[in-house]
Amino acid sequence: MTEKLIKNDKRIDGRKLDELRPIEAMVGVLKKADGSAFFRLGDTMAIAGVYGPKKVHPRHAEEAEKAILRTKYNMAPFSTETRSRPGHNRRSTEISFVTRQAIEPVLFLEEFPKTAIDVHIEVLQANASSRCVGINAASLALADAGVPMRDLIASCSAGIVEGKKVLDISGKEDTEGELDLPIAYYPRKKAITLLQMDGLAKRSDVKQLIELAIKGCEKIYEKQKQALRKRYSLEEVMHEKEVKV
Amino acid sequence: MAEESDRKLVIPGDPLGEGVAGHGTFEEDGKIFSKVIGLAEQKNNLFFVIPLRGIYNPKRGDGVIGKIEDISFSKWIVDINSPYQAVLPLNEAVDEFIDLTKTDLTKYFDYGDLIFAEISTVTRAKSVQLSMKSRRCRKLRGGRIIEVTPAKVPRIIGRSGSMVEMIKDLTKTQIVVGQNGLVWVKGENEDIAAESVLYIEQKSHIQGLTDQVKAMLEKRMGRTFEAKPAKEDIFEKKEGDYDDRKTDKE
């Protein structure tokens, strides 16, 4: 008999059903990148580096009228409980792709024709919702790189665990829960730029889950804005921060 | 916070009000928003944002520092610290007649040479052409290059050149600032001048920076600076600055 994941509306890590894990956001963590950010949701953490706009290699990939956005999602071998094989795989290729689609709508790519913007997302520790954390870090890193954007993108997940709707799936809830639904959210337009679902649910439940996830995204959005402002506030000494993990 | 009375730190997506969208902003449903991280300013109903980060996007008329990357039959290919390469055609660089069948173009500019040139055209497809016809354009020999964020170049130059003139005067160095974020420094006190340029880059969002830099430099150099009336041409050549373009390698 496995332990129950939810007791008296309290989750296994002590959170309420609609509570996010602790958020930490930092901007400008990599010295050599044009823009960078670190984002953490509980035990899931990722670092994103942005390089560009820069010349496109290979040349045939360039587009005459806009910049191309290239995203690369990668999990560090030490990010999971059992070591994961380094290098790309079917899963990381898919996540790289959906990350690009989630972020692209807010970028003014037409301002830099014939260039490429590279976004590298490195998951340092994974405990569910790593694609959401990656998207949050990537959107901060793009803003830090000075790439023109309409808005930041915030992302988080919702799901069903033991019949209850919960926000921000973590750890065991991901592996043993019934459903996981990550979304990415474009706050000002109230638009969803990423919607995936792993599991089965009724139509009405899906609607409620999306609403729940949007609430989480709005909280994350506030934290992202704070982190970005903090980078340029007077109290902070620029260029002297180090990665605190 | 880095907020000042008329300048406010904004991030992408911050609403600025209603009016006309200047650079660094965009309009959506009649409202103006910032699209970059930077300092927002308003002139009448025109909103614009001075970016704090970003790469150099070539603009017509900008003076830039470039490095000769390649030489072809009748033009030089120049790296201008931007995703876009620039082309310097022969006729824009050299005044005299040249017999291309007999002349080696490295005689004028060799691989790796640094030049200060003006951008004469930028097409929509981002082909960039340079010109060296202006008096302020020349080859930069010796010295060193400092890389700064292109968005911060206006701060290094200061209002009508006040900042750079002060550093030049106090450290007795030659300084050329390119709009593309490259700064060329040459002279005995190169180190101190370079340091102050990097200092400005780091503190660029602070008001009254000129005074801070002035105090720092006066202490370092042990002498005081008296501001001269603002010069019209900040790139005016001083005595002793000779025109490299004509005399080089001849």
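Taken in order, these protein sequences are the chains called A and B. Going by our numbering, the first sequence runs without a break in its numbering and finishes at 248. Going by our numbering, the second sequence runs without a break in its numbering and finishes at 252. We put the beta carbon where it would ideally sit given N, CA and C, even for glycine. Predicted model, so just to flag it, every value in this text is computed and none were measured.
Going along chain A in order, which residues have a C-beta closer than 9 Å to the C-beta of residue i?
i: R137 of chain B; result: Near R137 of chain B there are no residues of chain A at all, since even the closest Cβ is about 32 Å away, more than 9 Å.
i: K45 of chain B; result: Neighbours of K45 of chain B on chain A: none; closest Cβ ~21 Å, over 9 Å.
i: P85 of chain B; result: G55, P56, K57, K58, V59, A70, F115, K117, T118, A119
i: F28 of chain B; result: F111, P151, R153
i: A153 of chain B; result: G149
Going by DSSP, name the residue or residues bridged to residue i.
i: V66 of chain B; result: B:A119
i: V22 of chain B; result: B:L48
i: T108 of chain B; result: Partner(s): none; T108 of chain B has no beta bridge.
i: T27 of chain B; result: B:S36
i: G38 of chain A; result: A:V53
i: I124 of chain A; result: A:A51, A:Y76
i: I9 of chain A; result: A:R14
i: L118 of chain A; result: A small fix is needed here, since residue 118 of chain A is Thr in this sequence, not Leu. A:K58.
i: S133 of chain B; result: B:E120
i: P53 of chain B; result: B:G40
i: D72 of chain B; result: B:I79
i: I148 of chain B; result: B:V185
i: A88 of chain B; result: B:V80, B:V130
i: A28 of chain A; result: A:F42
i: L11 of chain B; result: B:L41
i: K141 of chain B; result: B:I117
i: P17 of chain B; result: B:F35
For a contact meaning CB atoms closer than 7 Å, what does residue i contact in chain A?
i: I82 of chain B; result: Per Cβ cutoff of 7 Å: no residues; I82 of chain B is ~12 Å from chain A at best.
Who are the neighbours of residue i on chain B, taking C-beta pairs under 9 Å?
i: A67 of chain A; result: A127
Quick one: which chain B residues come within Cβ less than 8 Å of residue i?
i: Y235 of chain A; result: A4, L11, I39, L54, H207
Cβ closer than 7 Å: which chain B residues qualify as neighbours of residue i?
i: R191 of chain A; result: G15
Among the options, which residue has its Cα nearest to the Cα of residue i?
i: G65 of chain B; options: B:D115, B:K135, B:E20, B:T226; result: B:K135
i: I159 of chain B; options: B:G15, B:Y113, B:I34, B:E203; result: B:E203
i: L155 of chain A; options: A:H91, A:R43, A:A146; result: A:A146
i: I15 of chain A; options: A:D183, A:V164, A:P190, A:I217; result: A:V164
i: W186 of chain B; options: B:H207, B:G144, B:S162, B:R161; result: B:G144
i: L143 of chain A; options: A:S39, A:D121, A:L20; result: A:S39
i: P56 of chain A; options: A:I71, A:L197, A:H123; result: A:I71
i: T74 of chain A; options: A:K205, A:E84, A:G137; result: A:G137
i: I169 of chain B; options: B:M223, B:H207, B:E120; result: B:M223
i: E27 of chain A; options: A:D21, A:L20, A:L44, A:K34; result: A:L44
i: K188 of chain B; options: B:K141, B:P60, B:A119; result: B:K141
i: A141 of chain A; options: A:M200, A:T85, A:S99; result: A:S99
i: P61 of chain A; options: A:N11, A:A119, A:A51, A:Q199; result: A:A119
i: E179 of chain A; options: A:K233, A:S158, A:G202; result: A:G202
i: K216 of chain B; options: B:P91, B:N46, B:E228; result: B:E228
i: V155 of chain B; options: B:Q214, B:K205, B:E29; result: B:K205
i: V179 of chain B; options: B:I208, B:V166, B:R126; result: B:V166
i: A157 of chain A; options: A:K192, A:D177, A:V209, A:R86; result: A:K192
i: K205 of chain A; options: A:L127, A:L182, A:E97; result: A:L182
i: T123 of chain B; options: B:V199, B:A196, B:K69, B:K61; result: B:K61
i: R234 of chain A; options: B:A196, B:G40, B:P152, B:G114; result: B:G40
i: M152 of chain A; options: A:I186, A:K167, A:L112, A:D46; result: A:L112
i: P185 of chain A; options: A:C220, A:G174, A:S207; result: A:C220
*Would you list, in chain order, the members of the stretch 25-51 of chain A that have their beta-carbon closer than 8 Å to a beta-carbon of chain B?*
D37, G38
_Contact set between the stretch 54-80 of chain B and chain A, restricted to residues whose Cβ is under 9 Å from the partner_ = L54, R55, G56, I57, N59
*Enumerated in chain order, which unbroken segments of the beta strand (DSSP E) with a length of 3 residues or greater are wholly contained in the stretch 156-227 of chain A?*
Restricted to the stretch 156-227 of chain A, the beta strand (DSSP E) segments that are unbroken, complete and at least 3 residues in length are 157-164, 167-170, 182-189, 194-198, listed in chain order.
*Taking a cut of 9 Å between CB atoms, which residues from the stretch 145-160 of chain A lie near chain B?*
L145, A146, D147, A148, G149, V150, P151, M152, R153, D154, L155
*Any chance you could list the alpha helix (DSSP H) runs of at least 4 consecutive residues sitting entirely within the stretch 60-111 of chain A, in chain order?*
93-106
_Short-range partners of chain B found in the stretch 174-200 of chain A, where Cβ spacing is below 8 Å_ = P190, R191
*With 7 Å as the C-beta to C-beta threshold (strictly closer), list the residues of the stretch 204-234 of chain A near chain B in chain order.*
K228, L231, R232
*Enumerated in chain order, which unbroken segments of the alpha helix (DSSP H) with a length of 4 residues or greater are wholly contained in the stretch 161-223 of chain B?*
164-173, 192-204, 211-223
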